[in-house]
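In my numbering, the protein residues as written are 2 to 274. Idealized CB from N, CA, C, for every residue including glycine. Written out below as structure tokens is the structure these notes cover.
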């Protein structure tokens, strides 16, 4: 029986296992392609446990950094890390869909949406643009189309083998819910950004067995809940067991690789917006 983790446990799992690997891949995209102003006001949305926001503040000590997340336990851990690093950041708990912040005030806005539910990304991005100052850069990271293809193929086969009927369309929805890079660029322009650019890297996460894959905190606590949402609770253990078996069968003694298209889109808030 699967025991649901508390928010505090999730925060520690994220900090220990997700941020140093998954989170670091998206942080590297930002560091490589986004010029951070030496001073002014910056906003970081969906900070997780704060490691990247703190690192940016350490490099730009005159930058006033506000950090938003909707999970209080994550913010508490981020605040403790900032204090230990002797960095002053303003941490605020807020919904990702509606920030309690004034319009047009930040010189840089960064959002990390790689683990944000797909249906919420546009509203989060819209809020990021709203609070950005005219001419400010707005940057969003997320996963894009073709990510997780290896898993979705196995998931579909596992459902078929377990005779869980009429869910093929749900797997298709998981696949098509991931936007293309072109979709994300068009969304940025539609929300009021000019000079839109994007960068994408294929990242691979390797697992030695199906069991290791399913027990990975990234998968078990931050990805699988969404993927298995369409499966009745009474059948989830059966489907998970079949997923593990298929991974072991298909990897042929090699590692099972989960590939992800990590994407960064950056634009400048238009003068007329």
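**Item:** Enclosing beta strand (DSSP E) for residue 258 [first to last residue]
**Value:** Run containing residue 258: 257 to 270, per the beta strand (DSSP E) assignment.
**Message:** In whole angstroms, give me the CA-to-CA distance for residue 24 and residue 72.
**Reply:** Taken atom to atom, the span from the alpha-carbon of residue 24 to that of residue 72 is near 17 Å.
**Asked** Which residues in the same chain have their Cβ closer than 8 Å to the Cβ of residue 136, if we skip the five residues on either side of it in sequence?
**Response** So the qualifying residues of the chain are 269, 270, 272.
**Prompt:** Around the Cβ of residue 46, are there at least 16 other Cβ atoms within 10 angstroms (buried) or fewer (exposed)?
**Reply:** With 16 or more other Cβ atoms within 10 Å, it is buried.
**Message:** Is the beta carbon of residue 64 closer than 8 Å to that of residue 49?
**Reply:** No, the Cβ-Cβ distance between residue 49 and residue 64 is not below 8 Å.
**Request:** Please classify residue 5: is it buried, with 16 or more other beta-carbons within 10 angstroms of its beta-carbon, or exposed?
**Result:** Residue 5 comes out exposed.
**Message:** Closer than 8 Å is the cut-off here; do at least three beta carbon pairs connect the stretch 108 to 119 with the stretch 87 to 95?
**Reply:** No, the stretch 108 to 119 is not in contact with the stretch 87 to 95.
**Asked** Which runs of the alpha helix (DSSP H) fall wholly inside the stretch 80 to 136 and span at least 4 residues, in chain order?
**Response** Given a length threshold of 4 residues, each whole run of the alpha helix (DSSP H) inside the stretch 80 to 136 is given here in chain order: 119 to 132.
**Request:** Would you kindly check if the distance between the Cβ of residue 101 and the Cβ of residue 145 is under 8 Å?
**Result:** No.
**Request:** Pick helix, strand or coil for residue 203, following the three-state DSSP scheme.
**Result:** DSSP places residue 203 in strand when its eight states are reduced to three.
**Prompt:** Taking one C-beta from the stretch 195 to 208 and one from the stretch 254 to 269 each time, how about it: are there three or more such pairs within less than 8 Å?
**Reply:** As far as the Cβ criterion goes, the stretch 195 to 208 touches the stretch 254 to 269, which means the pair count is three or higher.
**Prompt:** Which same chain residues, not among the five before or five after residue 222, have their C-beta less than 7 Å away from its C-beta?
**Reply:** By the criterion of a C-beta distance shorter than 7 Å, residue 222 is surrounded in its chain by 6, 11, 14, once the five residues flanking it on both sides are discounted.
**Asked** Which residues does DSSP pair with residue 66 in a beta bridge?
**Response** Bridge pairing for residue 66: 43 [DSSP].
**Prompt:** Rounded to a whole number of angstroms, what is the C-alpha to C-alpha distance between residue 211 and residue 193?
**Reply:** Spanning the two alpha carbons is a distance of roughly 44 Å.
**Request:** With residue 177 as the anchor, note down where its alpha helix (DSSP H) starts and where it stops.
**Result:** Counting along the chain, the alpha helix (DSSP H) containing residue 177 begins and ends at 169 to 177.
**Message:** Which of the three DSSP states is assigned to residue 7 in this structure?
**Reply:** It is coil, neither helix nor strand.
**Item:** residue 198 in three-state terms, based on DSSP
**Value:** Correct three-state label for residue 198: strand.
**Message:** At the level of alpha carbons, what is the spacing between residue 38 and residue 190?
**Reply:** Using only the alpha carbons, I get a separation of about 23 Å.
**Prompt:** Roughly how many angstroms lie between the CA atoms of residue 167 and residue 141, to the nearest whole one?
**Reply:** Those two C-alpha atoms are separated by around 35 Å.
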